[in-house]
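In my numbering, the protein residues as written are 11 to 143.
Heads up, the thing below is written out as structure tokens.
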């Protein structure tokens, strides 16, 4: 059974395991990641038998816009509905906001479209990497 929580203080070891399970580089800095998540507007997690199996985190301005920075589910638990539950909880949290923004990378784009997100035809995601790629 999956237990969903609204929490920002997460053990670095649990974050490392989750993020690296899907190859996300952030998992290589679990202590910094744990500290960073405490500054987000919202962090929802999913736990199964004491293991962190999913997480969604958003930054917001308090009134108009929330930015989903992380949505990830442990590799062996994907397609079990966990990401959808996390996303719907986040949408409910920010229901009074003007918009919720995210960058839906392929193939996750289809998942986000199923949950009501749509592409902005006049916008493109852009990045700057201070330390290079």
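Heads up, the beta-carbon is just placed ideally off N, CA and C, and yes, glycines get one too.
Since this is a predicted model, take the numbers as computed values, not measurements.
Name the residue from the options whose alpha carbon lies nearest to the alpha carbon of residue i.
{"i": "residue 12", "options": "34, 65, 45 and 51", "result": "65"}
{"i": "residue 32", "options": "80, 85 and 81", "result": "85"}
{"i": "residue 56", "options": "48, 45, 90 and 42", "result": "90"}
{"i": "residue 124", "options": "98, 80 and 30", "result": "98"}
{"i": "residue 6", "options": "28, 70, 137 and 47", "result": "Since the displayed the chain opens at 11 and closes at 143, residue 6 lies outside it and no answer follows."}
{"i": "residue 117", "options": "138, 88 and 132", "result": "88"}
Check whether the Cβ atoms of residue i and residue j lie closer than 8 angstroms to each other.
{"i": "residue 54", "j": "residue 82", "result": "no"}
{"i": "residue 50", "j": "residue 24", "result": "no"}
{"i": "residue 113", "j": "residue 135", "result": "yes"}
{"i": "residue 52", "j": "residue 103", "result": "yes"}
{"i": "residue 63", "j": "residue 92", "result": "yes"}
{"i": "residue 30", "j": "residue 37", "result": "yes"}
{"i": "residue 61", "j": "residue 40", "result": "no"}
For the alpha helix (DSSP H) containing residue i, name the first residue and the last one.
{"i": "residue 122", "result": "118-124"}
{"i": "residue 26", "result": "22-31"}
Taking the continuous beta strand (DSSP E) assigned at residue i, which residues delimit it?
{"i": "residue 137", "result": "Taken as a continuous stretch (DSSP letters only), residue 137 belongs to no beta strand (DSSP E), as it is neither H nor E."}
{"i": "residue 143", "result": "It is not in any beta strand (DSSP E) - residue 143 carries neither H nor E in the DSSP assignment."}
{"i": "residue 13", "result": "12-16"}
- Item | Cβ contact (3+ pairs, closer than 8 angstroms) linking the region 70-80 and the region 16-23 | The region 70-80 vs the region 16-23: no contact.
- Task: Let me know the alpha helix (DSSP H) ranges lying completely inside the region 41-110, each 4 residues or longer, listed in chain order.
- Result: Unbroken alpha helix (DSSP H) runs of no fewer than 4 residues, entirely contained in the region 41-110, are found at 92-103, following chain order.
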